[in-house]
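Quick notes on the structure that follows.
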Ligand code: 4AD
Ligand code: MG
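Residue numbers (my numbering): 616 to 1034.
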């Protein structure tokens, strides 16, 4: 039986069988105390006899009777009648207070930790909740390519590789392909891996991440933000409903998450620069908001916010110029609160062929590489907008993690792709 199920008054005095891995083991007087974990919970088991070959992380099947015990870690204990080691374990290399690098070297073993298990369960809820929301809103899920021929978010972070006798790239964003799909499906989304050859080592960048992207026909920048705030609020609500246990284990302040509801406040980039300057941050109009600036701006917030209308040359070629101030574009970044910063990048797209060509020239892109994309403006162009959300960024914020590496199973960074 699953351990979570046997932790119930219903089973007191009854015989159960559980199986899992030895989480902790200690001998005391004539007794052996074994804490067993499975995918659902942990339970303390007490054996009057020594259990042969029992050691940390060995796999084990235990039969015995359930007893309530306030002192036990999860409130119940099993009096062991039979204990069978299924797979023995060598001396487990992970003990307390080990370096981050060592834990990354043995990531395949560290993934058994209760912390990473809790995070993975939250991530699973997040992924499912995104799909639930999109299905309710009649979005279509699509599967864009990962092997691509050009850049979406600038050439400097592209991974290239030999593709038969040509060079190809790993996708940074499905956006351009999603744009092509709105002409038949109107509202689409995809969940794909995205790749960024980020040379900077930060707490919030990994080279491979999961990217949730939406693209909507007949939608302007404001409509785009409405969709994002509804979506993000729904997902946070689902995690609070489904993962209370995990959030408590991670010591996350759930009351903050409960307050995440639309609308999210909108600030223009100009306003943010002014606010930051007043706080004494050295930043000028035209400079990008990096992790430090975003942290400063969001550290006392409890709900995400939007920063809209960034300077044009700081953003991407596909963004529509702001008619009220052509130095800026119709875009929004959603920043997570509590210092976490950028969660979503979004914009209204340039839908005129002529203006898009001008943008491409300004950004130094070759028209011949993007003929197919220009075609989308030549055959029934419509106003449209979309967004991209980094799943691990969302996990980081919701779980209250201080580094993105624990928001994924095997984080890929500039100096690590093993194990
Ligand atoms: O802001 P970005 O670069 O926007 C795009 O890629 C758009 N084409 C998306 C779209 O409109 N369809 O990336 C979107 C999000 C960021 O806000 C961030 O959450 C995440 O992707 N992200 C990363 N997450 C982890 N590690 C990295 N190196 C990331 N780079 C971006
Ligand atoms: Mg961005």
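A virtual CB, placed ideally from N, CA and C, is assigned to each residue, including glycine.
Bear in mind that the values here come from a model prediction, so they are computed numbers and not experimental data.
Coil, strand or helix - residue i by DSSP
{"i": "residue 1000", "result": "strand"}
{"i": "residue 723", "result": "helix"}
{"i": "residue 833", "result": "coil"}
{"i": "residue 767", "result": "coil"}
{"i": "residue 643", "result": "strand"}
{"i": "residue 854", "result": "helix"}
{"i": "residue 657", "result": "strand"}
{"i": "residue 750", "result": "helix"}
{"i": "residue 892", "result": "helix"}
{"i": "residue 944", "result": "strand"}
{"i": "residue 786", "result": "coil"}
{"i": "residue 995", "result": "coil"}
{"i": "residue 738", "result": "helix"}
{"i": "residue 618", "result": "helix"}
{"i": "residue 971", "result": "helix"}
{"i": "residue 732", "result": "helix"}
{"i": "residue 778", "result": "strand"}
{"i": "residue 1009", "result": "helix"}
{"i": "residue 819", "result": "coil"}
{"i": "residue 811", "result": "coil"}
{"i": "residue 676", "result": "strand"}
{"i": "residue 977", "result": "helix"}
{"i": "residue 838", "result": "helix"}
{"i": "residue 670", "result": "coil"}
{"i": "residue 637", "result": "strand"}
{"i": "residue 804", "result": "strand"}
{"i": "residue 1028", "result": "strand"}
{"i": "residue 632", "result": "strand"}
Alpha carbon of residue i to alpha carbon of residue j, nearest angstrom
{"i": "residue 734", "j": "residue 747", "result": "20 Å"}
{"i": "residue 847", "j": "residue 630", "result": "45 Å"}
{"i": "residue 801", "j": "residue 991", "result": "13 Å"}
{"i": "residue 759", "j": "residue 1003", "result": "14 Å"}
{"i": "residue 753", "j": "residue 804", "result": "10 Å"}
{"i": "residue 785", "j": "residue 822", "result": "11 Å"}
{"i": "residue 897", "j": "residue 732", "result": "40 Å"}
{"i": "residue 957", "j": "residue 700", "result": "47 Å"}
{"i": "residue 684", "j": "residue 662", "result": "15 Å"}
{"i": "residue 978", "j": "residue 961", "result": "18 Å"}
{"i": "residue 1033", "j": "residue 932", "result": "35 Å"}
{"i": "residue 892", "j": "residue 721", "result": "44 Å"}
{"i": "residue 871", "j": "residue 946", "result": "27 Å"}
{"i": "residue 810", "j": "residue 940", "result": "33 Å"}
{"i": "residue 832", "j": "residue 794", "result": "8 Å"}
{"i": "residue 639", "j": "residue 765", "result": "51 Å"}
{"i": "residue 718", "j": "residue 669", "result": "24 Å"}
{"i": "residue 819", "j": "residue 812", "result": "13 Å"}
{"i": "residue 1005", "j": "residue 1022", "result": "11 Å"}
{"i": "residue 713", "j": "residue 1025", "result": "18 Å"}
{"i": "residue 729", "j": "residue 787", "result": "32 Å"}
{"i": "residue 625", "j": "residue 666", "result": "28 Å"}
{"i": "residue 762", "j": "residue 756", "result": "19 Å"}
{"i": "residue 1027", "j": "residue 692", "result": "40 Å"}
{"i": "residue 854", "j": "residue 736", "result": "10 Å"}
{"i": "residue 980", "j": "residue 860", "result": "50 Å"}
{"i": "residue 726", "j": "residue 1020", "result": "12 Å"}
{"i": "residue 989", "j": "residue 881", "result": "31 Å"}
Whole-number beta carbon distance between residue j and residue i, since they are thought to touch under 8 Å
{"i": "residue 703", "j": "residue 673", "result": "5 Å"}
{"i": "residue 772", "j": "residue 906", "result": "Residue 772 to residue 906, Cβ: 16 Å. No contact."}
{"i": "residue 887", "j": "residue 918", "result": "In fact, because the Cβ distance is near 16 Å, the residues do not count as touching under 8 Å."}
{"i": "residue 930", "j": "residue 920", "result": "Wrong, their Cβ atoms sit about 18 Å apart, outside the cutoff."}
{"i": "residue 993", "j": "residue 968", "result": "6 Å"}
{"i": "residue 647", "j": "residue 618", "result": "The pair is not a contact, with the Cβ atoms about 18 Å apart (cut-off 8 Å)."}
{"i": "residue 909", "j": "residue 894", "result": "That pair is no contact at about 13 Å."}
{"i": "residue 652", "j": "residue 679", "result": "The Cβ separation is near 16 Å, so there is no contact."}
{"i": "residue 675", "j": "residue 814", "result": "So it is not a contact: roughly 46 Å between Cβ atoms."}
{"i": "residue 798", "j": "residue 1001", "result": "Wrong, their Cβ atoms sit about 13 Å apart, outside the cutoff."}
{"i": "residue 885", "j": "residue 963", "result": "About 18 Å separates the two Cβ atoms, so there is no contact after all."}
{"i": "residue 677", "j": "residue 622", "result": "About 14 Å; that fails the 8 Å criterion."}
{"i": "residue 688", "j": "residue 650", "result": "6 Å"}
{"i": "residue 1012", "j": "residue 955", "result": "4 Å"}
{"i": "residue 883", "j": "residue 923", "result": "6 Å"}
{"i": "residue 740", "j": "residue 873", "result": "Between residue 873 and residue 740 the Cβ distance is about 15 Å, and since that is not below 8 Å, they are no contact."}
{"i": "residue 970", "j": "residue 1010", "result": "With 8 Å as the limit, residue 970 and residue 1010 do not qualify as a contact, their Cβ atoms being about 37 Å apart."}
{"i": "residue 999", "j": "residue 966", "result": "7 Å"}
{"i": "residue 806", "j": "residue 827", "result": "5 Å"}
{"i": "residue 851", "j": "residue 745", "result": "Wrong, their Cβ atoms sit about 11 Å apart, outside the cutoff."}
Inset, instruction - Tell me the start and end of each unbroken alpha helix (DSSP H) in the region 683 to 722 that is at least 4 residues and wholly inside, in chain order. - result: Within the region 683 to 722, the complete alpha helix (DSSP H) runs of at least 4 residues are 715 to 720.
Legend entry - Any heavy atom of the ligand MG within less than 7 Å of residue CB: hits in chain order: Qualifying residues, in the order they occur: 948, 957, 960.
Legend entry - 4-residue-minimum alpha helix (DSSP H) runs that sit fully inside the region 855 to 933, ordered along the chain: Those alpha helix (DSSP H) runs which fall completely within the region 855 to 933 and span 4+ residues are 859 to 864, 869 to 873, 884 to 893, 906 to 913.
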